[in-house]
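Reading through the structure tokens given below for one structure.
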Amino acid sequence: MYKTDVRGKLIDGEKSLSQISQEILAPIDAKVPKWWYIAMGISLVMLALGVKSIYVTLTQGIGTWGVNSTVAWGWEIINFVWWIAFSIFLLILRQKWRTAINRAAEAMTVVAVFCAALFPLMHMGRPWLFFYIFPYPNTRGPLWVNFNSPLFWDFMAISAYLLISASFWYFGMVPDFATIRDTTKSKIKKAVYGFFAFGWVGSSREWLRYEGLAFVLGGIAAVLVVSVHSIVSTDFAVSIEPGWHTTLFPPYFVVGAIFSGFAMVLTLVTLMKKLYNMGDFITENHVDAVCRILVFVSLIMGTAYITEIFIAWYSGSEYEMYTFFKNRITGEYAMQFWGMFIFNALLPQLFWSRKVRRNLWVVFVISLFINLGMWFERFNIVVTSLSKNYLPASWAEYHPTWVEIGFFVGTLGMFSAGVLLFFRYIPQIAIAEVKMISKFNKQQTTHLKPGHHHDYE
Amino acid sequence: MTTNKKYLVGVFNDEQTLIDAFENALERGVVIEEVYTPYPIHEILHGMKNKTNITTAAFFYGLFAVILLIGGMYYAAVIDWPLHFGGKPFNTFPSFIVVTIVATILTITILTLFTFSVRAKIFPGKNAEVIDIRATDDKFIILLDQDKMGMKIPEVTQLFQTHGASEVYQKETVAN
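Keeping their order, the protein sequence lines are chains A and B. Per the working numbering, residue 26 is the first one in the first sequence, and the count goes up by one each step. Per the working numbering, residue -15 is the first one in the second sequence, and the count goes up by one each step.
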């Protein structure tokens, strides 16, 4: 049973069930605020730059990028790993407070995975032949793909992740679409949301199977998230580059994904709280809980960074030593290394203080810094290891060209446009789930008959 | 062929009165056609005696996928077109596991969603058969078929009202 006296209220204010629907659906019915159009305009301009960059890449080739034969992976792989890490880790927490923020987390995941998938696709050079990576009986031999290649694993992981997170998200919304269909006064909305509600009416037959489906998807999606990030890490870990060839990588990437996933969730929910008055559903306690998770995960990140450095020294390999001590901690790329270390391992330690956790602006700014720190981490991994490895004769520098920067800016625009559309057209919080937990909101649970003390998890 | 079906609808304002009335009605031998709620209520799902095998189905989808995937990769990498990768064995089973996990999860998801769609009859383009439009918002609805409920209308109405129904009304729908 949820203890409100320990954890704080799940929903502020005594709300009736219909108030819950009304307040969560308010942004869909309300007049669209001016800032929304401005933000959308900026996002679309950014997206247009991305489209232009993709056009240049498609018509002229990878030569327009700053990558070279030494640093063959540049911003594209950094950004791919960065985007893919915004994950639905809330699934793992079987906590009642997740109901307020899981919808936003799922939305973020779907859009972010879509952004991520563009990078390896364009990196293929001839993206129109991307289906060659799919194992199917073909006329090229028949030549099968290499099942031992992490790049193939990655292809499988990204496709599965995209499909699963999108369907997970969608089926979570079906009952809420039905709520919109049945409560809206607009005929157009009734028709459109009615179509997307797939004929949902909330009967016991539907709910029974829905619960079964949620159980299955929740269980396997947790496994999927762990395996996807482990697979992404093997893109690096199975190579023999100094700084990459380490068994730490799979857990390191999984934890990194939890970290950046929660940081981005925090960014989004603070925006929802401030811009859409969702403060009654996303209470200070929710933000507080996410912050406390971030403190803990940040300690794991710090431990991982220090472990890497320690193992580099302990292994006695001069290449590892060089990569970590001469190329990361000091040297040309020190800025990125310390950016990563400070933003991911040190800055979140401020969340130990209750005052910081309760100050929404500080929380918002720290969450942005974590997102930035996680980008530095990927830069640190991808570029520093490649630019100076075993053979000094092949050392090279890497600088991104405007095409690569534009491509990244384009995905940022795509992400923010996606989030803005989400804010405007989709219930930002899972209405049915919030209604379900609303009864745990009271200090006393005596209004429930003895024998009915079921834990709704 | 279409026939008019006569229903009796009990409307409740909260979960607790619904469960109360639901359980009392069941004890008195009332046959309940369906219950509509804004969120899943385990007492109702349990009391309706419907069972779902969706989790069992998901398990078998997974089993099927694992066999097919490992079999398929073995066929491609060992029988059909063996390739030398730096002296590695053709049957690199441990590295097949990675793809097997991810693709199994994908198969389970797609097939379970499909099963859900078929069994719960939730699919694109379906018209919602709404009994009481408030059931997806804040009301809890018990639906009885007047021909099958096994009790007279006034008795059921009284039963519902003593257990806190906010409304009891009759409804006719065109069923097909």
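Glycine included, every Cβ here is placed at the ideal spot set by N, Cα and C.
| Would a check of beta-carbon distances place Glu113 (chain B) closer than 8 Å to chain A? | yes
| request: For Gln44 (chain A), collect the residues of the same chain with a Cβ closer than 7 Å to its Cβ; drop the 5 residues on either side in sequence, then sort them by chain order. | output: none
| said: Give me the subset of the region 28 to 58 of chain B whose CB atoms are less than 7 Å from a CB atom of chain A, sorted by chain position. | reply: Ile28, Leu29, Met32, Asn34, Thr36, Ile38, Thr39, Ala42 and Met57
| Taking three-plus beta-carbon pairs below 8 Å as touching, is the region 265 to 274 of chain A in contact with the region 406 to 422 of chain A? | yes
| said: Using C-beta distances below 6 Å, list every residue in its chain close to Phe144 (chain B), excluding the 5 sequence neighbours before and after it, in chain order. | reply: Gly(-6), Ala5 and Val152
| message | Let me confirm a value: Ser46 (chain A) is counted as buried when at least 16 other C-beta atoms fall within 10 Å, else exposed. Which label applies? | response | buried
| request: Decide if Pro73 (chain B) is buried, meaning its Cβ has at least 16 other Cβ atoms within 10 Å, or exposed. | output: exposed
| The alpha helix (DSSP H) with Asp179 (chain A) in it runs from where to where? | Pro175 to Thr208
| message | Counting C-beta neighbours from all protein chains within 10 Å, is the total for Ile367 (chain A) 16 or more, i.e. buried, or is it exposed? | response | exposed
| Does the count of Cβ pairs from the region 399 to 414 of chain A and the region 300 to 319 of chain A closer than 8 Å reach three? | no
| Which chain B residues are close to Pro160 (chain A), counting only those with a beta carbon under 7 Å from its beta carbon? | Ala60
| message | What would DSSP say about Leu242 (chain A), mapped onto helix, strand or coil? | response | helix
| message | I need the straight-line Cα distance from Met147 (chain A) to Ile79 (chain A), nearest angstrom please. | response | 8 Å
| query | Do Pro160 (chain A) and Trp169 (chain A) come within 8 Å of each other at the CB atom, strictly closer than that value? | reply | yes
| Phe196 (chain A) touches chain B at which residues, Cβ-Cβ below 8 Å? | Leu97 and Phe100
| task | Check the Cβ-Cβ distances between Leu238 (chain A) and every residue of chain B, and say whether any is below 8 Å. | result | yes
| field | Any chain A beta carbon closer than 8 Å to Val(-7) (chain B) | value | no
| task | Pick helix, strand or coil for Leu416 (chain A), following the three-state DSSP scheme. | result | coil
| Who are the near neighbours of Leu445 (chain A) in its chain, counting only those whose CB is closer than 8 Å to its CB and skipping five residues on each side? | Trp61, Ala64, Met65 and Ser68
| said: Between Leu188 (chain A) and Leu90 (chain B), how many whole angstroms is the CB-CB distance? I'm expecting something under 8 Å. | reply: 6 Å
| request: Quick one: give me the first and last residue of the alpha helix (DSSP H) that Leu95 (chain B) is part of. | output: Phe77 to Arg103
| message | For Phe177 (chain A), which residues in the same chain have their Cβ closer than 7 Å to its Cβ, ignoring the five residues on either side in sequence? | response | Ile158, Val170 and Asn171
| said: Counting beta carbon pairs with one atom in the region 446 to 455 of chain A and one in the region 47 to 61 of chain A, are three or more of them shorter than 8 Å? | reply: yes
| task | Below 8 Å between beta carbons is the criterion; list the residues of the region 67 to 90 of chain B that meet it against any residue of chain E, in chain order. | result | Annotation note: the requested chain E is absent from the structure, which comprises protein chains A and B.
| said: Residues of chain A with CB closer than 8 Å to the CB of Tyr20 (chain B), please, in chain order. | reply: Val226, Gly227, Ser228 and Ser229
| Which word fits Met386 (chain A), buried or exposed, when buried means at least 16 other C-beta atoms lie within 10 angstroms of its C-beta? | Note that residue 386 (chain A) is Trp in the sequence shown, not Met. Its Cβ having fewer than 16 others within 10 Å, Trp386 (chain A) is exposed.
| CB of His311 (chain A) within 8 Å of CB of Ile126 (chain A), strictly | yes
| task | Please compile the residues from chain A whose C-beta is within a distance smaller than 7 Å of the C-beta of Glu(-1) (chain B). | result | Lys464
| request: Check each residue of the region 276 to 307 of chain A: if its Cβ is closer than 7 Å to any Cβ of chain B, include it; give the result in chain order. | output: none
| field | Where the beta strand (DSSP E) through Leu127 (chain B) begins and ends | value | Phe124 to Asp129
| Per-residue DSSP class, three states only, for Ala222 (chain A) | coil
| Listed by chain order, chain B residues near Thr204 (chain A) by CB distance under 9 Å | Pro22, Thr120 and Asp121
| request: Have a look at A:Lys460, A:Val322 and A:Arg449 and flag the residue whose alpha-carbon is nearest the alpha-carbon of Pro58 (chain A). | output: A:Arg449
| If you draw a straight line from the C-alpha of Thr134 (chain A) to the C-alpha of Phe111 (chain A), how long is it? | 6 Å
| Taking the DSSP output, what are the residues bridged to Val(-5) (chain B)? | B:Ile125 and B:Glu151
| Nonlocal neighbours in the same chain, by C-beta distance under 7 Å from Lys474 (chain A), ignoring five residues either side | Unreliable placement is indicated for Lys474 (chain A), whose pLDDT of 49 sits below 50; the coordinate value is still reported in the next sentence. Result list for Lys474 (chain A): empty, nothing under 7 Å.
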